[in-house]
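Counting with this note's numbering, you get residues 264 to 709 for the letters of the sequence shown.
Idealized CB from N, CA, C, for every residue including glycine.
Predicted model, so just to flag it, every value in this text is computed and none were measured.
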Amino acid sequence: MDRLIETTVALKYPKDKLEIQLLDDSTDETVEKSRKLINHYKALGFDIHHLHRAGAERTGHKAGALEAGMKVARGEYIAIFDADFMPDPDFLIKTVPYFEDPQIGMVQVRWGHINADYNVLTKAQSFGIDGHFMIEQVARNGSHLWMNFNGTAGIWKKECIIDSGGWEHDTLTEDFDLSYRAEMRGWKFRYFKDIECKAEIPAMISAYKSQQFRWCKGSIQTAVKLLPRIFRADLPWRIKSEAIVHLINYSVHPLMVINILFSAPLLLMNYWSGFDFYDLPIEILMGTAAVLSVGSVGPMIFYAYSQRILHKDWKRRMIYLPILIMIGTGIAIVNTRAWLEAILGIQSSFKRTPKLKIEKSTDVLKERLKYTVPLDFHVVLEFLMGFYCLGTVFLSFVLGKPQIVGFLVIYALGFFYVGYLSLKEAAWKLGASKQKSTEEELSVQA
């Protein structure tokens with residue numbers, strides 16, 4: 264929290280017009296540390312407050328905290344930053360003027376990275392984040408299609424939030440939910456790729472999986488909640504169609520799992536029927552090849568172009584694209600569970616992404632395991648799926664049907680890689696726990 268407090272008090276804006284709130288649902292020793300730092304800046308004349316919710320007050324997760332903060336906030340605009348973000352001092356000076364247009368309800372800026380080069384996982388994630396902010400958000404906003412507030416590094420007009428129904432906590436992605444409700448009310452959003460707000464990328468696979476679970480489940484919950492309203496709304500079909508695709512985007516992961524599970528049975532059915540794919544008309548073969556080419560090459564061009572825009576050494580960075588592809592397939596199990604829970608209406612708690620303050624290559628990850636996410640049963644399923652893919656590869660060669668081997672190998676590598684990283688972190692945590700127990704025993708004996 265101290266990093267965020269230090270950067271917000273450094274914002275260039277008149278003190279009499281800037282109110283800072285730390286929305287804190289923590290239950291550990293960081294509460295007292297934050298309180299002391301806030302009292303320090305309050306003594307220096309800053310209008311800064313520590314809004315700590317405890318016990319029964321801690322309802323609605325992040326949305327509940329935002330709702331509680333907005334009730335007492337005096338400002339006309341609400342800038343929001345997660346604890347792992349570091350806004351530049353001129354953030355407000357650059358963004359607030361755009362609200363001179365009375366139709367603008369929210370301004371979002373691009374996420375940057377303070378630890379993109381920390382390890383292979385952060386390098387791969389930076390690819391995905393850059394693609395979203397340099398291509399997707401630019402295209403949506405530039406084409407006057409609906410876009411979403413990304414939960415942080417943005418600023419809302421308070422009137423827009425109230426007019427759209429306020430913060431609701433029936434989904435895990437309150438940002439996505441409010442964004443679409445606001446746009447259905449006619450509010451306009453602006454996105455600026457040239458304004459950057461740096462943040463810490465999860466450096467551990469457990470944190471990344473937890474984050475993706477929340478984003479996937481929240482997105483599908485929002486789809487279940489809002490799609491009926493969008494279908495009924497008097498909107499151009501191009502806006503509706505893009506909104507639908509955006510809302511159900513995470514459905515790609517259960518489709519991956521279905522594709523994998525059905526690959527072996529379909530191979531056997533194909534073999535027993537005597538059907539040969541190459542006997543199909545040339546038009547169908549060419550059409551299939553075209554679709555597969557676009558589906559395979561398209562994402563690579565998407566991410567490569569985002570790197571080319573942002574980095575002079577983009578060609579060197581491309582070596583981490585395969586890692587992004589592997590973790591993108593490897594989290595299919597976690598996200599399929601999230602998708603199913605959202606569809607079935609199964610509620611779950613809001614598991615925040617651990618903030619480990621990993622910034623430099625010299626920061627030691629093992630020393631910060633206190634805030635990691637526990638190992639769960641997903642890792643078993645990940646390894647099982649990896650072996651299933653390899654078994655299907657073997658079957659395809661035995662049956663003389665090797666056309667799908669490439670995809671299955673990618674899936675297998677993804678599941679094994681994510682499973683390996685999960686076990687590696689579990690071993691770290693177990694070792695740290697044993698070391699702590701030994702130290703406590705020695706302390707008692709001494």
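Could I get the ranges of all uninterrupted beta strand (DSSP E) runs contained in the segment 303-381, with 3 residues as the minimum, in chain order? 310-315, 340-343 and 367-376
Simplified DSSP assignment, three categories, for residue 640: Walking along the sequence shown from the start, residue 640 turns up at place 377. Coil.
Indicate whether residue 467 and residue 292 have their beta-carbon atoms separated by less than 7 Å. What you label residue 467 is simply residue 204 of the sequence shown in a count that begins at 1. What you label residue 292 is simply residue 29 of the sequence shown in a count that begins at 1. No, they are not a contact pair.
May I ask which residues mark the beginning and end of the alpha helix (DSSP H) holding residue 292? As a first step, residue 292 must be located in the sequence shown, where it is residue number 29. Looking at the DSSP string, residue 292 is not in any alpha helix (DSSP H), and its letter there is neither H nor E.
What are the start and end residues of the alpha helix (DSSP H) that includes residue 421? Here residue 421 corresponds to residue number 158 of the sequence shown, with the count starting at 1. Start and end: 421-426.
Is it buried or exposed, residue 690, if we count other Cβ atoms within 10 angstroms and call 16 or more buried? Position 427 of the sequence shown, counted from the first residue, corresponds to residue 690. Exposed, by the Cβ-count rule.
Nearest to residue 351 (by Cα), restricted to the options 268, 401, 294 and 295: Translated into the one-based positions of the sequence shown, residue 351 becomes position 88. Minimum Cα distance to residue 351 is reached at 268.
Flag this pair as yes or no: are the beta carbons of residue 374 and residue 396 separated by less than 7 Å? For the purposes of this step, residue 374 is taken as residue 111 along the sequence shown, with counting starting at 1. For the purposes of this step, residue 396 is taken as residue 133 along the sequence shown, with counting starting at 1. Taking 7 Å as the Cβ cut-off, residue 374 and residue 396 qualify as a contacting pair.
Could you please give me the residues that DSSP links to residue 692 through a beta bridge? Here the question's residue 692 lines up with position 429 in the sequence shown. Partner(s): none; residue 692 has no beta bridge.
Jot down the residue ranges of each uninterrupted alpha helix (DSSP H) in the segment 397-482, minimum 4 residues, whole runs only, in chain order. 400-405, 421-426 and 437-447
Indicate whether the contact test is met: 3 or more Cβ pairs, each with one atom in the segment 502-517 and one in the segment 660-667, closer than 8 Å. no
Please determine, among 361, 266, 603 and 526, the residue with the shortest C-alpha to C-alpha distance to residue 297. Along the sequence shown, one-based indexing puts residue 297 at 34. The option with the nearest alpha carbon to residue 297 is 266.
When you compare each of 646, 285, 322 and 317 to residue 305 by their alpha carbons, which one comes out closest? Start at 1 with the first residue of the sequence shown, and residue 305 comes out as number 42. The residue with the shortest Cα to Cα distance from residue 305 is 285.
Assuming contact is defined by CB atoms lying nearer than 7 Å, are residue 569 and residue 394 in contact in what I supplied? As a first step, residue 569 must be located in the sequence shown, where it is residue number 306. As a first step, residue 394 must be located in the sequence shown, where it is residue number 131. Going by C-beta atoms, residue 569 is nearer than 7 Å to residue 394.
Look at the alpha carbon of residue 608 and the alpha carbon of residue 598, and state the distance between them as a whole number of angstroms. Working through the sequence shown from its first residue, we reach residue 608 at position 345. Working through the sequence shown from its first residue, we reach residue 598 at position 335. C-alpha separation (whole angstroms): 15 Å.
At what residues does the beta strand (DSSP E) containing residue 284 begin and finish? The residue you call residue 284 lines up with position 21 of the sequence shown. Segment 282-287, the beta strand (DSSP E) holding residue 284.
Of the choices 672, 409 and 593, whose alpha-carbon is the least far from that of residue 508? For the purposes of this step, residue 508 is taken as the residue at position 245 of the sequence shown. Nearest of 672, 409 and 593 to residue 508, Cα basis: 409.
Beta-carbon gap between residue 750 and residue 391 smaller than 7 Å: Examination of residue 750 is not possible in this model, given that the chain is present from 264 through 709 alone.
On the criterion of 16 or more Cβ atoms from any shown chain inside 10 Å, does residue 326 qualify as buried, or is it exposed? As a first step, residue 326 is located in the sequence shown; it is residue number 63 there, counting from the start. Buried is the call here.
Starting from the Cα of residue 362, find the closest Cα among 548, 382, 424 and 340 and give me that residue. Here the question's residue 362 lines up with position 99 in the sequence shown. Comparing Cα positions, the closest option is 340.
Between the alpha carbons of residue 591 and residue 310, how many angstroms are there, rounded? Residue numbering aside, residue 591 sits at position 328 when the sequence shown is read from its first letter. Residue numbering aside, residue 310 sits at position 47 when the sequence shown is read from its first letter. Distance between the alpha carbons of residue 591 and residue 310 is about 43 Å.
Can you give me the Cβ contacts of residue 684 inside the same chain, cut-off strictly under 6 Å, excluding the 5 residues immediately before and after it? The residue you call residue 684 lines up with position 421 of the sequence shown. Only 468 meet the Cβ criterion.
My output table needs one value for residue 549: the three-state DSSP class, helix, strand or coil. As a working mapping, residue 549 is identified with position 286 in the sequence shown. Looking at residue 549 - three-state DSSP - the assignment turns out to be helix.
Based on Cα-Cα distance, which residue from 686, 464, 407 and 316 lies nearest to residue 644? Here residue 644 corresponds to residue number 381 of the sequence shown, with the count starting at 1. For residue 644, the nearest C-alpha among the options comes from 686.
Look at the alpha carbon of residue 471 and the alpha carbon of residue 455, and state the distance between them as a whole number of angstroms. Numbered from its first residue, the sequence shown carries residue 471 at position 208. Numbered from its first residue, the sequence shown carries residue 455 at position 192. One C-alpha to the other measures close to 26 Å.
Quick check on residue 646: does DSSP put it in helix, strand or coil? Counting from 1 along the sequence shown, the entry for residue 646 is found at position 383. Three-state result, residue 646: helix.
Is residue 448 closer than 7 Å to residue 427 when the C-beta atoms are compared? Numbered from 1 along the sequence shown, position 164 holds the residue referred to as residue 427. Numbered from 1 along the sequence shown, position 185 holds the residue referred to as residue 448. Cβ distance < 7 Å, so residue 427 and residue 448 count as in contact.
Could you spell out the range, first to last residue, of the alpha helix (DSSP H) harbouring residue 543? Indexing the sequence shown from 1 puts residue 543 at position 280. Segment: none, residue 543 is in no alpha helix (DSSP H) and carries neither H nor E.
So what does DSSP say about residue 700, is it helix, strand or coil? Locating residue 700 in the sequence shown gives position 437, where the first residue counts as 1. With a pLDDT of 49 at residue 700, under the threshold of 50, the modelled position of that residue is not reliable, and no figure is offered here.
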